[in-house]
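Since the structure comes first, as C-alpha coordinates, the remarks are kept for the end.
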Amino acid sequence: MRDAPAPVPISKKVGYTNAFIAATLMGFVGFFARHINAQGDFIAFSRMMCGAILFLLILAAKGRLWELKSYKISWSMIASGFFMGNCLSAYIAATQYTSIANAVFFIYIGPIISTLLAIIFLKESMKASTWFAIAAVFIGMLLIVGLIKVDANGIHFGMEFSQKTFIGDMLALYSGVGYGLFLFFGRYRTDVPGETRAFWNFVFALIGITCLFLFTKPTIAQMTSTDWMWWIAIGLVCGFGALGTCTIATRHLKAVEFACVSYWECVVAPVFVGWMIYNEVMTPIQIIGGILIIVGGMSEMLMSTLKKAFANQAV
(Lines of atoms letter the chains of each structure in order from A and count residues from 1; the text may use other names and numbers.)
(Lines give C-alpha, C1' and ligand atoms only; values in the text may rest on other atoms or scores of the structure.)
Protein backbone atom coordinates (compact mmCIF):
# COMPACT_ATOMS: atom_id res chain seq x y z
CA MET A 1 0.00 0.00 0.00
CA ARG A 2 1.37 3.40 -0.99
CA ASP A 3 2.04 6.09 1.55
CA ALA A 4 -0.41 8.97 1.51
CA PRO A 5 0.99 12.04 -0.26
CA ALA A 6 1.63 15.31 1.51
CA PRO A 7 -1.69 17.11 2.08
CA VAL A 8 -2.65 19.85 -0.36
CA PRO A 9 -2.18 23.28 1.28
CA ILE A 10 -5.30 25.05 2.55
CA SER A 11 -6.50 27.63 0.00
CA LYS A 12 -9.13 30.24 0.84
CA LYS A 13 -9.62 30.89 -2.88
CA VAL A 14 -10.44 27.23 -3.52
CA GLY A 15 -12.66 27.17 -0.44
CA TYR A 16 -14.71 30.25 -1.29
CA THR A 17 -15.04 29.28 -4.96
CA ASN A 18 -16.38 25.84 -4.10
CA ALA A 19 -18.63 27.23 -1.35
CA PHE A 20 -20.17 29.71 -3.80
CA ILE A 21 -20.73 27.00 -6.43
CA ALA A 22 -22.25 24.70 -3.79
CA ALA A 23 -24.68 27.33 -2.51
CA THR A 24 -25.69 28.30 -6.07
CA LEU A 25 -26.45 24.74 -7.12
CA MET A 26 -28.22 23.97 -3.83
CA GLY A 27 -30.56 26.86 -4.58
CA PHE A 28 -31.99 24.87 -7.49
CA VAL A 29 -33.11 21.89 -5.36
CA GLY A 30 -36.70 23.12 -5.29
CA PHE A 31 -36.74 23.58 -9.06
CA PHE A 32 -35.73 19.97 -9.72
CA ALA A 33 -37.81 18.51 -6.87
CA ARG A 34 -40.99 20.08 -8.28
CA HIS A 35 -40.66 17.84 -11.33
CA ILE A 36 -40.23 14.56 -9.42
CA ASN A 37 -43.21 12.63 -8.11
CA ALA A 38 -41.40 10.78 -5.32
CA GLN A 39 -40.74 10.93 -1.58
CA GLY A 40 -38.07 13.28 -0.29
CA ASP A 41 -35.69 10.61 0.93
CA PHE A 42 -35.78 8.84 -2.44
CA ILE A 43 -34.95 12.13 -4.15
CA ALA A 44 -32.06 12.61 -1.72
CA PHE A 45 -30.89 9.07 -2.53
CA SER A 46 -30.27 10.16 -6.14
CA ARG A 47 -28.08 13.02 -4.98
CA MET A 48 -25.90 10.71 -2.88
CA MET A 49 -25.75 7.92 -5.46
CA CYS A 50 -24.69 10.19 -8.32
CA GLY A 51 -22.10 11.84 -6.10
CA ALA A 52 -20.56 8.54 -5.00
CA ILE A 53 -20.42 7.10 -8.53
CA LEU A 54 -19.00 10.21 -10.19
CA PHE A 55 -16.34 10.86 -7.54
CA LEU A 56 -15.31 7.21 -7.80
CA LEU A 57 -14.94 7.68 -11.57
CA ILE A 58 -12.92 10.87 -11.04
CA LEU A 59 -10.53 9.06 -8.69
CA ALA A 60 -10.23 6.21 -11.17
CA ALA A 61 -9.57 8.58 -14.09
CA LYS A 62 -6.82 10.31 -12.11
CA GLY A 63 -5.29 7.00 -11.07
CA ARG A 64 -5.95 7.74 -7.41
CA LEU A 65 -8.15 4.83 -6.33
CA TRP A 66 -5.33 3.72 -4.05
CA GLU A 67 -6.11 6.77 -1.85
CA LEU A 68 -9.28 5.02 -0.66
CA LYS A 69 -7.01 2.56 1.19
CA SER A 70 -4.16 4.91 2.10
CA TYR A 71 -6.35 7.29 4.07
CA LYS A 72 -7.95 5.49 6.98
CA ILE A 73 -11.66 6.02 7.54
CA SER A 74 -12.29 7.84 10.80
CA TRP A 75 -15.41 8.36 12.91
CA SER A 76 -15.59 11.99 11.76
CA MET A 77 -15.74 10.95 8.09
CA ILE A 78 -18.52 8.48 8.87
CA ALA A 79 -20.47 11.04 10.90
CA SER A 80 -20.08 13.78 8.28
CA GLY A 81 -21.48 11.57 5.53
CA PHE A 82 -24.25 10.10 7.68
CA PHE A 83 -25.56 13.51 8.74
CA MET A 84 -25.25 14.86 5.19
CA GLY A 85 -27.68 12.24 3.93
CA ASN A 86 -30.03 12.42 6.89
CA CYS A 87 -30.29 16.21 7.05
CA LEU A 88 -31.22 16.51 3.37
CA SER A 89 -33.77 13.70 3.57
CA ALA A 90 -35.31 15.23 6.68
CA TYR A 91 -35.44 18.70 5.07
CA ILE A 92 -37.27 17.54 1.94
CA ALA A 93 -39.65 15.48 4.07
CA ALA A 94 -40.23 18.48 6.37
CA THR A 95 -41.44 20.63 3.45
CA GLN A 96 -44.29 18.14 3.01
CA TYR A 97 -45.53 18.53 6.60
CA THR A 98 -44.83 22.14 7.56
CA SER A 99 -44.43 25.53 5.89
CA ILE A 100 -41.47 26.22 3.61
CA ALA A 101 -40.56 29.17 5.87
CA ASN A 102 -40.33 26.94 8.95
CA ALA A 103 -38.33 24.29 7.06
CA VAL A 104 -35.87 26.85 5.70
CA PHE A 105 -35.45 28.52 9.10
CA PHE A 106 -34.61 25.28 10.87
CA ILE A 107 -32.19 23.94 8.29
CA TYR A 108 -30.37 27.27 8.24
CA ILE A 109 -29.64 27.18 11.92
CA GLY A 110 -27.26 24.43 10.78
CA PRO A 111 -24.40 26.77 9.80
CA ILE A 112 -24.83 28.58 13.12
CA ILE A 113 -24.60 25.28 15.00
CA SER A 114 -21.46 24.27 13.09
CA THR A 115 -19.88 27.66 13.82
CA LEU A 116 -20.54 27.41 17.55
CA LEU A 117 -19.25 23.83 17.69
CA ALA A 118 -16.10 24.84 15.79
CA ILE A 119 -15.48 27.71 18.20
CA ILE A 120 -15.89 25.43 21.22
CA PHE A 121 -14.16 22.24 20.06
CA LEU A 122 -11.84 23.34 17.25
CA LYS A 123 -10.93 26.68 18.84
CA GLU A 124 -11.71 28.57 15.64
CA SER A 125 -11.54 32.32 16.24
CA MET A 126 -14.27 34.88 15.53
CA LYS A 127 -13.40 38.47 14.62
CA ALA A 128 -15.80 41.42 14.94
CA SER A 129 -16.17 41.51 11.15
CA THR A 130 -17.09 37.82 11.18
CA TRP A 131 -19.80 38.37 13.81
CA PHE A 132 -21.18 41.14 11.57
CA ALA A 133 -21.14 38.87 8.53
CA ILE A 134 -22.93 35.93 10.21
CA ALA A 135 -25.53 38.29 11.74
CA ALA A 136 -26.16 39.95 8.36
CA VAL A 137 -26.68 36.70 6.45
CA PHE A 138 -28.91 35.20 9.15
CA ILE A 139 -31.14 38.28 9.35
CA GLY A 140 -31.16 38.41 5.55
CA MET A 141 -32.38 34.80 5.49
CA LEU A 142 -35.21 35.63 7.90
CA LEU A 143 -36.28 38.54 5.67
CA ILE A 144 -36.06 36.73 2.35
CA VAL A 145 -38.11 33.69 3.46
CA GLY A 146 -40.73 35.95 5.04
CA LEU A 147 -40.19 35.13 8.71
CA ILE A 148 -39.60 38.80 9.53
CA LYS A 149 -42.26 41.15 8.20
CA VAL A 150 -42.46 44.92 8.44
CA ASP A 151 -45.70 46.89 8.15
CA ALA A 152 -47.34 50.03 9.54
CA ASN A 153 -47.73 48.33 12.93
CA GLY A 154 -44.04 47.52 13.27
CA ILE A 155 -41.84 44.43 12.92
CA HIS A 156 -43.36 40.96 13.22
CA PHE A 157 -41.79 37.51 13.45
CA GLY A 158 -43.95 35.26 11.30
CA MET A 159 -43.00 31.77 12.47
CA GLU A 160 -46.00 29.67 13.50
CA PHE A 161 -46.28 26.31 15.25
CA SER A 162 -49.27 24.01 15.61
CA GLN A 163 -50.02 20.42 16.48
CA LYS A 164 -50.81 19.82 12.80
CA THR A 165 -47.27 20.77 11.71
CA PHE A 166 -45.45 19.25 14.70
CA ILE A 167 -43.97 16.31 12.75
CA GLY A 168 -42.79 18.62 9.98
CA ASP A 169 -41.24 21.07 12.43
CA MET A 170 -39.38 18.28 14.23
CA LEU A 171 -38.10 16.93 10.91
CA ALA A 172 -36.98 20.45 10.01
CA LEU A 173 -35.25 20.85 13.36
CA TYR A 174 -33.44 17.55 12.84
CA SER A 175 -32.41 18.68 9.36
CA GLY A 176 -30.86 21.83 10.85
CA VAL A 177 -29.01 19.95 13.57
CA GLY A 178 -27.90 17.35 11.02
CA TYR A 179 -26.69 20.05 8.63
CA GLY A 180 -24.68 21.67 11.40
CA LEU A 181 -23.10 18.35 12.39
CA PHE A 182 -22.30 17.54 8.75
CA LEU A 183 -20.44 20.84 8.38
CA PHE A 184 -18.75 20.51 11.78
CA PHE A 185 -17.46 16.97 11.27
CA GLY A 186 -16.39 18.00 7.78
CA ARG A 187 -13.81 20.27 9.42
CA TYR A 188 -11.91 17.20 10.67
CA ARG A 189 -9.46 15.18 8.57
CA THR A 190 -8.28 18.09 6.42
CA ASP A 191 -5.36 15.85 5.50
CA VAL A 192 -7.64 13.87 3.17
CA PRO A 193 -7.90 15.24 -0.43
CA GLY A 194 -11.23 16.74 -1.44
CA GLU A 195 -12.29 14.09 -3.97
CA THR A 196 -11.53 11.25 -1.56
CA ARG A 197 -13.39 13.00 1.28
CA ALA A 198 -16.34 13.63 -1.02
CA PHE A 199 -16.52 9.98 -2.11
CA TRP A 200 -16.65 8.68 1.47
CA ASN A 201 -19.16 11.39 2.43
CA PHE A 202 -21.51 10.21 -0.31
CA VAL A 203 -21.02 6.54 0.59
CA PHE A 204 -21.91 7.02 4.25
CA ALA A 205 -24.76 9.34 3.28
CA LEU A 206 -26.16 6.54 1.11
CA ILE A 207 -25.92 4.13 4.02
CA GLY A 208 -27.75 6.60 6.27
CA ILE A 209 -30.57 7.14 3.76
CA THR A 210 -30.90 3.41 3.15
CA CYS A 211 -31.44 2.96 6.89
CA LEU A 212 -34.26 5.51 6.71
CA PHE A 213 -35.91 3.50 3.94
CA LEU A 214 -36.68 0.81 6.53
CA PHE A 215 -39.08 3.30 8.16
CA THR A 216 -40.28 5.46 5.26
CA LYS A 217 -40.69 2.63 2.73
CA PRO A 218 -40.62 4.83 -0.39
CA THR A 219 -42.37 3.64 -3.53
CA ILE A 220 -41.40 4.24 -7.16
CA ALA A 221 -44.52 2.80 -8.79
CA GLN A 222 -45.86 6.27 -9.59
CA MET A 223 -42.71 7.53 -11.31
CA THR A 224 -42.78 8.06 -15.08
CA SER A 225 -39.84 8.25 -17.49
CA THR A 226 -39.90 12.04 -17.06
CA ASP A 227 -39.70 11.69 -13.29
CA TRP A 228 -36.66 9.42 -13.67
CA MET A 229 -34.89 11.93 -15.93
CA TRP A 230 -35.41 14.70 -13.40
CA TRP A 231 -34.36 12.30 -10.61
CA ILE A 232 -31.04 11.71 -12.34
CA ALA A 233 -30.66 15.43 -13.11
CA ILE A 234 -31.06 16.47 -9.46
CA GLY A 235 -28.48 13.85 -8.55
CA LEU A 236 -25.96 15.29 -10.99
CA VAL A 237 -26.56 18.99 -10.27
CA CYS A 238 -27.61 19.13 -6.62
CA GLY A 239 -25.83 15.95 -5.55
CA PHE A 240 -22.50 15.54 -7.30
CA GLY A 241 -22.20 19.25 -8.10
CA ALA A 242 -23.54 20.95 -4.97
CA LEU A 243 -22.58 18.50 -2.23
CA GLY A 244 -19.26 17.60 -3.84
CA THR A 245 -18.11 21.22 -3.92
CA CYS A 246 -19.53 21.70 -0.42
CA THR A 247 -17.31 18.91 0.90
CA ILE A 248 -14.26 20.39 -0.80
CA ALA A 249 -15.07 23.86 0.56
CA THR A 250 -15.29 22.69 4.18
CA ARG A 251 -11.70 21.43 3.92
CA HIS A 252 -10.38 24.91 3.11
CA LEU A 253 -12.68 27.19 5.11
CA LYS A 254 -13.44 27.71 8.76
CA ALA A 255 -16.97 26.81 9.76
CA VAL A 256 -18.12 30.42 9.97
CA GLU A 257 -16.51 31.32 6.62
CA PHE A 258 -18.45 28.57 4.90
CA ALA A 259 -21.60 29.49 6.85
CA CYS A 260 -21.58 33.07 5.55
CA VAL A 261 -21.35 31.96 1.92
CA SER A 262 -23.86 29.10 2.33
CA TYR A 263 -26.72 31.57 2.86
CA TRP A 264 -26.29 32.62 -0.78
CA GLU A 265 -28.61 29.69 -1.49
CA CYS A 266 -31.43 31.72 0.07
CA VAL A 267 -30.88 34.35 -2.65
CA VAL A 268 -30.59 31.88 -5.53
CA ALA A 269 -33.88 30.12 -4.76
CA PRO A 270 -36.20 33.18 -4.83
CA VAL A 271 -34.29 35.18 -7.48
CA PHE A 272 -33.14 32.64 -10.06
CA VAL A 273 -35.84 30.02 -9.48
CA GLY A 274 -38.81 31.92 -8.06
CA TRP A 275 -38.53 35.23 -9.93
CA MET A 276 -36.69 34.39 -13.17
CA ILE A 277 -38.20 30.94 -13.85
CA TYR A 278 -41.64 31.03 -12.18
CA ASN A 279 -42.25 34.82 -12.29
CA GLU A 280 -42.81 34.99 -8.53
CA VAL A 281 -42.79 38.56 -7.25
CA MET A 282 -40.18 39.59 -4.66
CA THR A 283 -41.20 42.11 -2.02
CA PRO A 284 -38.97 45.06 -1.00
CA ILE A 285 -38.28 43.30 2.32
CA GLN A 286 -37.09 40.20 0.49
CA ILE A 287 -34.81 42.31 -1.68
CA ILE A 288 -33.31 43.89 1.45
CA GLY A 289 -32.79 40.39 2.85
CA GLY A 290 -30.99 39.36 -0.32
CA ILE A 291 -28.72 42.41 -0.13
CA LEU A 292 -27.85 41.61 3.49
CA ILE A 293 -26.90 38.06 2.52
CA ILE A 294 -24.73 39.28 -0.35
CA VAL A 295 -23.03 41.91 1.83
CA GLY A 296 -22.45 39.47 4.70
CA GLY A 297 -21.17 36.68 2.48
CA MET A 298 -18.97 38.92 0.34
CA SER A 299 -17.49 40.72 3.35
CA GLU A 300 -15.81 37.52 4.59
CA MET A 301 -14.37 36.77 1.15
CA LEU A 302 -13.23 40.38 0.72
CA MET A 303 -11.58 40.52 4.14
CA SER A 304 -9.76 37.25 3.46
CA THR A 305 -8.54 38.51 0.06
CA LEU A 306 -7.33 41.83 1.46
CA LYS A 307 -5.58 40.11 4.36
CA LYS A 308 -3.69 37.85 1.95
CA ALA A 309 -2.80 40.79 -0.30
CA PHE A 310 -1.36 42.80 2.62
CA ALA A 311 0.54 39.73 3.82
CA ASN A 312 2.13 39.29 0.39
CA GLN A 313 3.14 42.96 0.27
CA ALA A 314 4.74 42.67 3.69
CA VAL A 315 6.85 39.76 2.46
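Numbering of the sequence shown is given in full-length UniProt numbering, commencing with residue 1 and proceeding in unit increments.
We put the CB at the ideal spot given by N, CA and C, even for glycine.
Every value quoted in this text rests on a predicted model; they were computed, and no experiment measured them.
Subject >> Own chain partners of Y97 with C-beta closer than 6 Å, once the 5 adjacent residues on each side are dropped >> reply: Counting from 1 along the sequence shown, the entry for residue 97 is found at position 97. Result list for Y97: I167 and G168, in chain order.
Original post:
Just checking my contact of V137 with G296 at CB under 8 Å: how many whole Å lie between their CB atoms?
Top reply: Along the sequence shown, read from residue 1 onward, the residue named residue 137 stands at position 137. Along the sequence shown, read from residue 1 onward, the residue named residue 296 stands at position 296. Their Cβ separation, rounded to whole angstroms, is 4 Å, which keeps V137 and G296 in contact under 8 Å.
Original post:
Hey, quick one: how far does the beta strand (DSSP E) through G191 stretch, first residue to last?
Top reply: Position 191 of the sequence shown, counted from the start, is the residue given in the question as residue 191. Residue 191 is actually Asp in this sequence, not Gly. That residue, D191, is in no beta strand (DSSP E); it is neither H nor E in DSSP.
Subject >> Contacts around G208, its chain only, beta-carbon distance under 6 Å, and the 5 residues preceding and following it disregarded >> reply: By one-based count along the sequence shown, residue 208 stands at place 208. Contacts found: F82, G85 and N86.
Original post:
Nearest to V192 by alpha carbon, out of F161, L143, C238 and H252?
Top reply: Residue mapping note: residue 192 aligns to position 192 of the sequence shown, counting from 1. Comparing Cα-Cα distances from V192 to each of F161, L143, C238 and H252, the minimum goes to H252.
**OP:** Could you give the DSSP three-state label for H252: helix, strand or coil?
**Re:** Counted from its first residue, the sequence shown places residue 252 at position 252. Helix.
**OP:** Could you say which of I285, F258, G235 and T245 lies nearest to Y50 if we only look at CA atoms?
**Re:** Stepping through the sequence shown from its first residue, residue 50 is reached at position 50. The identity of residue 50 in the sequence shown is Cys, whereas the question assumes Tyr. Nearest of I285, F258, G235 and T245 to C50, Cα basis: G235.
Original post:
Skipping 5 residues on each side, what residues in its chain have a beta carbon closer than 8 Å to that of C238?
Top reply: Translated into the one-based positions of the sequence shown, residue 238 becomes position 238. Result list for C238: L25, M26, F28, V29, F32 and R47, in chain order.
Original post:
For W275, which residues from the same chain have a beta carbon less than 8 Å from its beta carbon, with the 5 sequence-adjacent residues on both sides left out?
Top reply: Within the sequence shown, residue 275 is the residue found at index 275, counting from 1. Only V281 and M282 meet the Cβ criterion.
Subject >> From A133, F106, H156 and A198, residue whose alpha carbon lies closest to that of I78 >> reply: Counted from its first residue, the sequence shown places residue 78 at position 78. Nearest C-alpha to I78: A198.
**OP:** Work out the CA separation of V145 and Q286 for me, nearest whole Å.
**Re:** The count along the sequence shown starts at 1 and reaches residue 286 at position 286. The count along the sequence shown starts at 1 and reaches residue 145 at position 145. Each residue's alpha carbon lies about 7 Å from the other.
Original post:
Exposed or buried, which one is W66 when buried takes at least 16 other CB atoms within 10 Å?
Top reply: For the purposes of this step, residue 66 is taken as the residue at position 66 of the sequence shown. When all chains shown are included, W66 counts as exposed.
**OP:** With DSSP collapsed to three states, give me the class of F20.
**Re:** Position 20 of the sequence shown holds residue 20. The answer is helix: DSSP assigns F20 an H, G or I state.
Original post:
Where D41 and A90 are concerned, what is the direct C-alpha to C-alpha distance, given to the nearest angstrom?
Top reply: Position 41 of the sequence shown, counted from the first residue, corresponds to residue 41. Position 90 of the sequence shown, counted from the first residue, corresponds to residue 90. Each residue's alpha carbon lies about 7 Å from the other.
Subject >> Beta-carbon separation (whole angstroms), L56 vs A101, contact threshold 8 Å >> reply: Taking the first residue of the sequence shown as 1, we reach residue 56 at position 56. Taking the first residue of the sequence shown as 1, we reach residue 101 at position 101. Rounded, the Cβ-Cβ distance is 38 Å, inconsistent with contact.
**OP:** Go ahead and pull the three-state DSSP assignment for I294.
**Re:** As a position in the sequence shown, residue 294 is number 294, starting the count at 1. Residue state, collapsed to three classes: helix.
**OP:** Could you work out which residue in M126, W131 and A249 is closest to Y188 when comparing CA atoms only?
**Re:** Taking the sequence shown and counting its residues from 1, the one referred to as residue 188 is at position 188. Answer by Cα proximity: A249.
Original post:
If we count the other Cβ atoms within 10 Å of its Cβ and call it buried at 16 or more, is T247 buried or exposed?
Top reply: The sequence position of residue 247 within the sequence shown is 247, counting from 1. Flag for T247 reads buried.
Original post:
What separation, rounded to the nearest whole angstrom, lies between the Cα atoms of Q222 and A135?
Top reply: On the sequence shown, position 222 is the one that residue 222 refers to. On the sequence shown, position 135 is the one that residue 135 refers to. Answer to the nearest angstrom: the Cα atoms are 44 Å apart.
Subject >> C-beta atoms of A242 and A22 nearer than 8 Å >> reply: As a first step, residue 242 is located in the sequence shown; it is residue number 242 there, counting from the start. As a first step, residue 22 is located in the sequence shown; it is residue number 22 there, counting from the start. Contact flag set, yes.
**OP:** Taking all protein chains shown into account, decide if C211 is buried (16 or more other Cβ within 10 angstroms of its Cβ) or exposed.
**Re:** Working through the sequence shown from its first residue, we reach residue 211 at position 211. So C211 counts as exposed.
**OP:** Report the three-state DSSP secondary structure of I155 (helix, strand or coil).
**Re:** Taking the sequence shown and counting its residues from 1, one reaches residue 155 at position 155. Here I155 sits in strand by DSSP.
**OP:** Would you mind reading off the limits of the alpha helix (DSSP H) that contains I167?
**Re:** As a first step, residue 167 must be located in the sequence shown, where it is residue number 167. Counting along the chain, the alpha helix (DSSP H) containing I167 begins and ends at F166 to F185.
**OP:** Below 8 Å on the Cβ atoms is my guess for W231 versus I36; work out the distance and round it to an integer in Å.
**Re:** One-based indexing of the sequence shown puts residue 231 at position 231. One-based indexing of the sequence shown puts residue 36 at position 36. 5 Å between Cβ atoms; contact.
Original post:
Which residues bound the alpha helix (DSSP H) around P111?
Top reply: As a working mapping, residue 111 is identified with position 111 in the sequence shown. Unbroken alpha helix (DSSP H) run through P111: G110 to F121.
Subject >> Span of the alpha helix (DSSP H) around I232 >> reply: Counting from 1 along the sequence shown, the entry for residue 232 is found at position 232. Segment S225 to I234, the alpha helix (DSSP H) holding I232.
**OP:** For V150, write down the residues that DSSP places opposite it in a beta bridge.
**Re:** In the sequence shown, the residue the question calls residue 150 occupies position 150. I155.
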